[in-house]
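Visitor:
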Amino acid sequence: MRVRKTCGKSKSIQTIGDILCENLPHLSPYIRFCSCQLNAGTLLQKKTENVPEFVEVHKQCVTDPACQGMPLSSFLLKPMQRITRYPLLLKKILKHTPEEHPDHLHLVDALAKAEELCSQVNEGVREKENSNDLEWIQQHVLCEGLDEKLTFNSVTNCLGPRKFLHSGTLYKAKSNKELVGFLFNDFLLLAQSQGSNRNSFTFNIKSKAQFRMYKMPIFLNEVMLKTGTDGEYDTPCHFQLCHINQTYNLKAGSANDRGVWVKKIETASRYYLETERKKNEKAYLSPRRSRTVGRLLVILQEGISLCASSHGNGKSDPYCEVSMGSQEHRTKVINGTLNPKWNDSMQFVIRDVHQDVLCISVFDRDLFSPNDFLGRTEIYTEEIYQETMLRRGPITKKLKLHEAESGEVIIRLDLQLYETT
Numbered sequence: 006m007r008v009r010k011t012c013g014k015s016k017s018i019q020t021i022g023d024i025l026c027e028n029l030p031h032l033s034p035y036i037r038f039c040s041c042q043l044n045a046g047t048l049l050q051k052k053t054e055n056v057p058e059f060v061e062v063h064k065q066c067v068t069d070p071a072c073q074g075m076p077l078s079s080f081l082l083k084p085m086q087r088i089t090r091y092p093l094l095l096k097k098i099l100k101h102t103p104e105e106h107p108d109h110l111h112l113v114d115a116l117a118k119a120e121e122l123c124s125q126v127n128e129g130v131r132e133k134e135n136s137n138d139l140e141w142i143q144q145h146v147l148c149e150g151l152d153e154k155l156t157f158n159s160v161t162n163c164l165g166p167r168k169f170l171h172s173g174t175l176y177k178a179k180s181n182k183e184l185v186g187f188l189f190n191d192f193l194l195l196a197q198s199q200g201s202n203r204n205s206f207t208f209n210i211k212s213k214a215q216f217r218m219y220k221m222p223i224f225l226n227e228v229m230l231k232t233g234t235d236g237e238y239d240t241p242c243h244f245q246l247c248h249i250n251q252t253y254n255l256k257a258g259s260a261n262d263r264g265v266w267v268k269k270i271e272t273a274s275r276y277y278l279e280t281e282r283k284k285n286e287k288a289y290l291s292p293r294r295s296r297t298v299g300r301l302l303v304i305l306q307e308g309i310s311l312c313a314s315s316h317g318n319g320k321s322d323p324y325c326e327v328s329m330g331s332q333e334h335r336t337k338v339i340n341g342t343l344n345p346k347w348n349d350s351m352q353f354v355i356r357d358v359h360q361d362v363l364c365i366s367v368f369d370r371d372l373f374s375p376n377d378f379l380g381r382t383e384i385y386t387e388e389i390y391q392e393t394m395l396r397r398g399p400i401t402k403k404l405k406l407h408e409a410e411s412g413e414v415i416i417r418l419d420l421q422l423y424e425t426t
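Just add 5 to the spot in the sequence shown (first one is 1) and you have this note's numbering.
1) Mapping the DSSP letters down to three states, classify glutamate 227 as helix, strand or coil.
2) Determine which residues share a DSSP beta bridge with lysine 428 and list them.
3) Please look up how many angstroms separate the CB atoms of glycine 330 and aspartate 23, rounded, as I've assumed it's under 8 Å.
4) In chain order, what are the residue ranges of uninterrupted alpha helix (DSSP H) at least 4 long that sit wholly in the region 43-106?
5) Just checking, does the region 210-222 make contact with the region 266-279 on the three C-beta pairs under 8 Å criterion?
6) Glutamate 128 to isoleucine 400, Cα distance in whole Å?
7) Looking at leucine 311 and glutamate 153, is the spacing between their C-beta atoms short of 8 Å?
8) Give a yes or no on contact between the region 244-262 and the region 148-167, applying the rule of three or more CB pairs nearer than 8 Å.
9) For threonine 426, collect the residues of the same chain with a Cβ closer than 7 Å to its Cβ; drop the 5 residues on either side in sequence, then sort them by chain order.
10) Does the region 52-63 come close enough to the region 132-151 to have 3 or more Cβ pairs within less than 8 Å?
11) Apart from the five residues just before and just after glutamine 125, which ones in its own chain have a Cβ nearer than 8 Å to its Cβ?
12) Can you list, in chain order, the residues of its chain with a C-beta nearer than 8 Å to that of cysteine 66? Leave out the 5 residues immediately preceding and following it.
13) Buried or exposed for valine 354, going by 16 or more other Cβ atoms inside 10 Å?
14) Considering only C-alpha positions, which residue in the set Lys133, Leu29, Phe192 is nearest to leucine 112?
15) From the DSSP output, in three-state form, read off histidine 145 for me.
16) Skipping 5 residues on each side, what residues in its chain have a beta carbon closer than 8 Å to that of methionine 221?
17) At what residues does the alpha helix (DSSP H) containing proline 34 begin and finish?
18) Figure out for me which residue from Lys269, Leu420, Thr232 has the closest Cα to the Cα of glutamine 352.
19) For glutamate 307, I'd like the list of residues in its chain whose CB is within less than 8 Å of its CB, leaving aside the five on either flank, ordered along the chain.
20) Identify the continuous beta strand (DSSP E) that holds aspartate 361 and give its terminal residues.
21) I'd like to know whether the C-beta atoms of leucine 122 and isoleucine 98 end up nearer to each other than 8 Å.
22) Using the three-state DSSP reduction, which class does threonine 297 fall into: helix, strand or coil?
23) Assign aspartate 369 to buried or exposed, taking buried as 16 or more other Cβ atoms, counted over all protein chains shown, within 10 Å of its Cβ.
24) Report all residues from its chain with a CB closer than 6 Å to the CB of leucine 194; omit the five preceding and five following residues, and keep chain order.
25) Provide the residue span of the alpha helix (DSSP H) that contains threonine 207, from first to last.
26) Quick one: what's got a C-beta closer than 8 Å to glutamate 120's C-beta in the same chain, skipping five residues either side?
27) Between the Cα of serine 411 and those of Ala117, Asn376, His334, Thr382, spot the shortest distance and give me the residue it belongs to.
28) Who are the near neighbours of isoleucine 339 in its chain, counting only those whose CB is closer than 8 Å to its CB and skipping five residues on each side?
29) Checking 8 Å against the spacing of the C-beta atoms, do lysine 231 and glutamine 245 come in under that value?
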């Protein structure tokens, strides 16, 4: 809302649904926060009962005016309370928003996103066993050599909360080298035991076994699985994973074990690809539900002096999410730069030339977690319309990114109306 007020140049704000559509998906880190709520409450109770120093510091914090007299337990509950209220508030707003209002469709889409977030949070709270398993893996599997930190018990980049699906002993087909596979809903991780124990691995949260990552994680949206190969590896226990330019010939302990691995990998891979497909289709399906008055052709040309990512290497892997209400497009990712050249084309349908807003958010692409936010800007289609009428043709704008220390984007805009507006 701050960005809309800044970019709107004192224009009366009549639409908020599109802001919610854009921002609700980025509240996903609270899924993990809420899933740890019971553990946090238990720890707080222990500290309160057994650590006098903690009690004293807590009392001092409560008296701080910024806390408004609320204890830490209240702040731990706030995110859950807020997230569950969003659907209720949106339903009330929709009740008083006429169907012909330009924000009505945006609010309908925002309500769907709020209900999805609420469902994911509730699921995360229920799946305490999954959360505990992921925390065990975090403590017992050493992952070195990754460009970014891998937090297992967190939100994936695309699929919501990470889920632990399967684990077990696997062998390299040629050398018979023993590995342990950890399968999640977004990737397969192959690891090596760091101890002398060579018994077949069985997952046990009480185990003290330690492992080291053997190869980079194999993302399930980029993998092709084969159960029959020509030559020496064509046996009931073997299967093959093809991931980009790498091929893994693996062997399970038995034909039955292979069947379990193959089924779980195939199911997870299909779901990942289907989720990506649905997200990509969203931009084309949403506009068809209402009358349109024109289209906006957009070329996202480049970014200038963007912020560096949080990983500490002084660079980012930036891309843009460009939206107009529920219509969404993404640019390609440009790796290792603060001055990316995207030159990506996209188009949006216009429902209301006076109220529609083009929103541009820049992110640093991450692999194992939600992408880092690098700034946001907006421009009303009415402003584009006025400039287009003066210049007759496409216009090029340099827009400052807000909510970030630095950064600008250069964008080319061509507004085409179907009728006089």
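We put the beta carbon where it would ideally sit given N, CA and C, even for glycine. All figures in this text were calculated on a predicted structure; none of them were measured in a lab.
Guide: Quick look at the numbers:
1) coil
2) The structure shown does not extend to residue 428, since the chain is modelled only from 6 to 426, so the question has no answer here.
3) 4 Å
4) 57-68, 77-100
5) no
6) 47 Å
7) no
8) no
9) Because the pLDDT of threonine 426 is 45, which lies under 50, any placement of that residue in the model is unreliable, and the question is left without a value.
10) no
11) Ser33, Ile36, Gly165, Pro166
12) Cys72, Leu77
13) buried
14) Leu29
15) helix
16) Gly150, Leu151
17) 34-40
18) Leu420
19) Asn344, Pro345, Lys346, Trp347, Asn348, Val414, Ile415
20) Counting along the chain, aspartate 361 falls outside any beta strand (DSSP E), and DSSP gives it neither H nor E.
21) no
22) coil
23) buried
24) Phe187, Pro222
25) Here threonine 207 belongs to no alpha helix (DSSP H), and DSSP marks it neither H nor E.
26) Pro92
27) Thr382
28) Asp322, Pro323, Tyr324, Pro345, Lys346, Trp347
29) yes
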